[in-house]
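Structure, as structure tokens:
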Amino acid sequence: IAEAIADCALVVGTFSPGHGMLQHPFRRLEYGAAEIRGELERAEHALRESQQILATVSESSPVHLALFDLDRRCVFANRPLAGSSLDQVIGKRLDDMMPPELVASSVRNFLEVVETGSDADITDRIQFPGMEPRYYRMLLRPVSRDGRVIGVVANVADVTESRRQQEQQQLQANIIERMHEGVMLLD
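Each residue of the sequence shown is one higher than the one before, starting from -11 at the first, in this note's numbering.
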């Protein structure tokens, strides 16, 4: 597109009536405009294809994906947490999405990722209004452009069931370890 615009600017900039530099300047200008339109249409088509691929991948992901800008505002999400709709999530600040008791730590984790450019891996117990408490693993990753962080992507997975299984296995291991007497299995 930039080359086509440059060609168009060159035609306009170098033509001067009476000097005969270009025999048909308007035809060349029309050709340049058509070339720009063609490039624009190809770019728009490629963008639509890319958006369709992103939508397919994100919708089929088992985890919640969200992209936040530096103001901690959600600019993309594949699905919301806590039963809300995407319309209620997009544009909303992280501070407003989290239960009050987790706002400070959520903001601190977000800012740490932005300031250090490093990933964060957090597991928290979260209870959204009207729901049972759940454990969520949140992987926060910086999004960079030209060497500077411009946002944070969050991959959030509900790990409640796996955490319960781990706790059950740990309990069983503790019981066996603390048994001072032998165990006899009877048939």
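The beta-carbon is built from N, C-alpha and C at its ideal position, and this holds for glycine as well. Predicted, not measured: the structure shown is a model, and the values here were computed from it.
Those residues which DSSP pairs with residue i across a bridge
i, result
"Arg130", "According to the sequence provided, residue 130 is Pro. The question's Arg does not apply to it. Partner(s): Val140."
"Ala21", "None, per the DSSP bridge assignment."
"Arg81", "Arg61"
"Ile110", "Met126"
"Val56", "Note that residue 56 is Phe in the sequence shown, not Val. Looking at the DSSP assignment, Phe56 forms a beta bridge with Cys62 and Val140."
"Ala145", "Arg125"
Span separating the alpha-carbon of residue i from that of residue j
i, j, result
"Gln153", "Ala54", "27 angstroms"
"Gln157", "Gln76", "39 angstroms"
"Leu159", "Leu35", "52 angstroms"
"Ala82", "Leu99", "A small fix is needed here, since residue 82 is Leu in this sequence, not Ala. Each residue's alpha carbon lies about 12 angstroms from the other."
"Ser73", "Ala161", "42 angstroms"
"Thr148", "Ala70", "14 angstroms"
"Leu28", "Gln39", "16 angstroms"
"Val131", "Ile110", "18 angstroms"
"Gly139", "Arg96", "14 angstroms"
"Arg133", "Glu165", "52 angstroms"
"Arg30", "Ile24", "10 angstroms"
"Glu32", "Met119", "42 angstroms"
"Ser93", "Gln115", "15 angstroms"
"Arg209", "Arg151", "Because residue 209 is not part of the residues shown, which for the chain are -11 to 175, the question remains open."
Top-ranked residue by Cα proximity to residue i, from the options
i, options, result
"Tyr124", "Leu99, Ala31, Gln156 and Leu90", "Leu90"
"Ile78", "Val63, Ser48, Ser72 and Ala70", "Val63"
"Asp146", "Met126, Asn162, Gly139 and Val137", "Met126"
"Val141", "Gly135, Ala108, Met85 and Met119", "Ala108"
"Pro68", "Ser46, Val102 and Ser106", "Ser46"
"Val102", "Gln115, Leu58, Ile114 and Arg113", "Leu58"
"Arg61", "Ile114, Pro50, Met86 and Gly105", "Met86"
"Gly105", "Pro117, Val144, Gly135 and Phe116", "Gly135"
Opening and closing residue of the beta strand (DSSP E) in which residue i lies
i, result
"Ile163", "Ile163 -> not in any beta strand (DSSP E); alpha helix (DSSP H) instead, spanning Thr148 to Arg166."
Continuous alpha helix (DSSP H) stretch holding residue i: start and end
i, result
"Ala92", "Pro88 to Thr104"
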